[in-house]
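A quick write-up on the structure given underneath.
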């Protein structure tokens with residue numbers, strides 16, 4: 001039977017309609033856009049000329065695997081302006097789908113419901129959280145819910161002037177050294193070396209009261225952040241320890257310049273500072289006058305979780321319309337081995353992935369440092385991050401610990417900590433209410 005003109009026209013119209021529908025759907029798929037919130041530069045306040053490189057490479061990798069998705073971000077936002085920029089976007093309902101979260105903002109944003117809970121997505125995508133260092137993962141957890149994943153971490157280590165200890169006939173501490181050993185060495189090396197009657201060699205610079213509290217394994221607040229534990233015997237012991245360290249210097253305020261000149265045995269240093277101050281493959285050589293290495297922060301025989309760790313976090317907007325795609329991009333940034341290895345090699349922090357920090361590429365990079373009078377062994381760095389201090393997670397923590405630091409530091413400087421600690425605890429408890 002010959003097809004009538006009407007039928008031919010009808011079939012043609014149907015065909016055109018299907019084609020248009022297909023083109024429309026294809027175009028709609030190509031037009032999916034995810035927005036990323038980030039700031040320029042380093043999260044660790046050290047120079048970083050490659051702040052966009054890893055992000056751009058992660059975007060390119062994700063877009064290649066998802067041809068219908070485009071990632072957009074606004075460049076040029078400085079870290080000091082980022083919190084205000086993000087808060088403004090959240091208030092206007094225009095926050096990005098995926099965004100970096102500063103540590104000082106995390107508890108507040110989590111409590112306000114601005115961040116998407118990730119536990120279900122982690123389970124649905126069969127992600128094992130064991131791939132992360134525990135302290136880094138915990139940084140993105142609030143009230144037992146995971147709201148962010150760690151992008152980069154920055155542990156604090158103890159930098160040791162090896163030349164100074166060798167001159168004094170003192171072996172460089174190894175392994176799980178104690179806070180008692182630290183004080184004994186500081187006392188032994190603090191002296192007048194040229195006989196002019198003035199102390200010119202010192203035990204430590206920059207070891208503060210929170211380092212002592214961590215060394216003693218003290219928890220300053222209860223889990224809920226309802227009360228503080230400041231006026232306790234173990235806290236008083238830790239603060240007395242800091243006063244004893246200060247007293248070794250006879251009233252002199254040891255400075256970073258003293259350490260730079262090689263006149264100080266110990267100085268806490270973040271991993272980002274360690275990498276920034278090296279000649280290869282980074283930018284400058286600050287401590288080039290002496291050989292130095294890094295250890296875990298000192299603790300006690302009962303406590304070796306001593307090193308503070310700062311974490312750069314990435315979260316998902318709780319109101320995103322692209323829940324799964326946003327999580328897959330979050331995976332690319334934080335879990336992808338290739339991207340995280342590139343991050344380690346092009347920034348100053350460390351990866352939160354155990355596999356990256358245990359890789360041959362990471363070992364080669366750290367071993368290169370040893371050829372330039374700097375020494376941080378791969379297993380030492382791994383142990384530092386495995387045994388890092390986990391910060392409390394309650395809404396007022398950042399404000400409260402900042403106030404604690406101000407009050408306690410002033411009391412120590414005035415040598416009045418014994419008299420003022422009761423009042424300090426009372427003020428902090430009132431702030432927690």
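Residue numbers (the UniProt record's numbering): 1 to 433. All residues carry an ideal CB built from backbone N, CA and C; glycine is no exception. Quantities reported herein were computed from a predicted structural model and do not represent experimental measurements.
When DSSP states are grouped into helix, strand and coil, residue 251 belongs to the coil group.
Contact check between the region 376 to 393 and the region 181 to 198: fewer than three CB pairs, one atom from each, fall below 8 Å, which does not count as touching.
Counted as a single uninterrupted DSSP element, the beta strand (DSSP E) harbouring residue 73 occupies residues 69 to 73. Contact between the region 28 to 43 and the region 82 to 99 is present: 3 or more CB-CB pairs across the two stretches fall below 8 Å.
Using a C-beta cut-off of 8 Å, the region 262 to 277 makes no contact with the region 228 to 248, since fewer than three inter-stretch Cβ pairs fall below that distance. In its chain, beyond the 5 residues on either side, 337, 340, 341, 344 and 362 have a beta carbon closer than 7 Å to the beta carbon of residue 356. For residue 430, the closest C-alpha among the options 320, 414, 41 and 404 is that of 404. Taking one beta carbon from each stretch, the region 152 to 160 and the region 377 to 396 have 3 or more pairs nearer than 8 Å; the two touch.
Nearest neighbour of residue 272 by Cα position, chosen from 48, 33 and 32, turns out to be 48.
Per DSSP, the continuous alpha helix (DSSP H) segment holding residue 272 begins and ends at 271 to 276.
Spanning the alpha carbons of residue 382 and residue 309 requires a straight line of approximately 12 Å.
In the DSSP assignment, residue 54 falls outside any beta strand (DSSP E) and lies within the alpha helix (DSSP H) extending over 53 to 65. Rounded to the nearest whole angstrom, the C-alpha separation of residue 256 and residue 201 is 13 Å. One thing to note: residue 190 has its Cβ within 7 Å of the Cβ of residue 248.
Per DSSP, the continuous alpha helix (DSSP H) segment holding residue 417 begins and ends at 417 to 432.
Counting only unbroken stretches of 3 or more residues, the beta strand (DSSP E) elements lying wholly within the region 141 to 171 are 148 to 161, in sequence order. A Cβ-Cβ contact shorter than 7 Å links residue 300 with residue 178.
In the DSSP annotation of this structure, the continuous segment of the beta strand (DSSP E) that includes residue 312 starts and ends at 309 to 316. Every alpha helix (DSSP H) of 4 residues or more that sits fully in the region 203 to 232 is shown, in chain order, as 209 to 215. Each of 213, 80 and 245 was checked against the Cα of residue 415, and the nearest Cα belongs to 245. Distance from the CA atom of residue 365 to the CA atom of residue 296, rounded to whole angstroms, is 19 Å.
When the beta-carbon positions are compared, residue 312 and residue 43 come within less than 7 Å of each other.
Bounds of the beta strand (DSSP E) holding residue 36 are 32 to 37.
Inter-residue distance for residue 88 and residue 73 is about 16 Å (C-alpha atoms, whole angstroms).
Closest in alpha carbon position to residue 412, among 77, 358 and 207, is 207.
Your pair residue 149 and residue 318 does not check out as a contact, with CB atoms roughly 15 Å apart and the cut at 8 Å.
Going by DSSP, residue 177 is part of no beta strand (DSSP E) at all; its letter is neither H nor E. Taking residue 293 as the centre and dropping the five residues before and after it, the same chain places the C-beta of 159, 160, 162, 172, 374, 375 and 376 closer than 8 Å to its C-beta, in chain order. For residue 327, same chain residues with a beta-carbon under 6 Å away, outside a window of 5 residues either side, are 121 in chain order. Checking the DSSP bridge columns, you'll see residue 115 partnered with 317. Residue 293: member of the beta strand (DSSP E) spanning 292 to 295, first to last residue. With 16 or more other Cβ atoms inside 10 Å of its own Cβ, residue 110 counts as buried.
In summary, residue 425 is buried, with 16 or more beta-carbon neighbours lying within 10 Å of its beta-carbon over all protein chains present. When C-alpha distances from residue 124 are compared across 225, 258, 142 and 325, the shortest belongs to 325. Taking 7 Å as the cut-off, the beta carbon of residue 332 is found closer than this to the beta carbon of residue 58.
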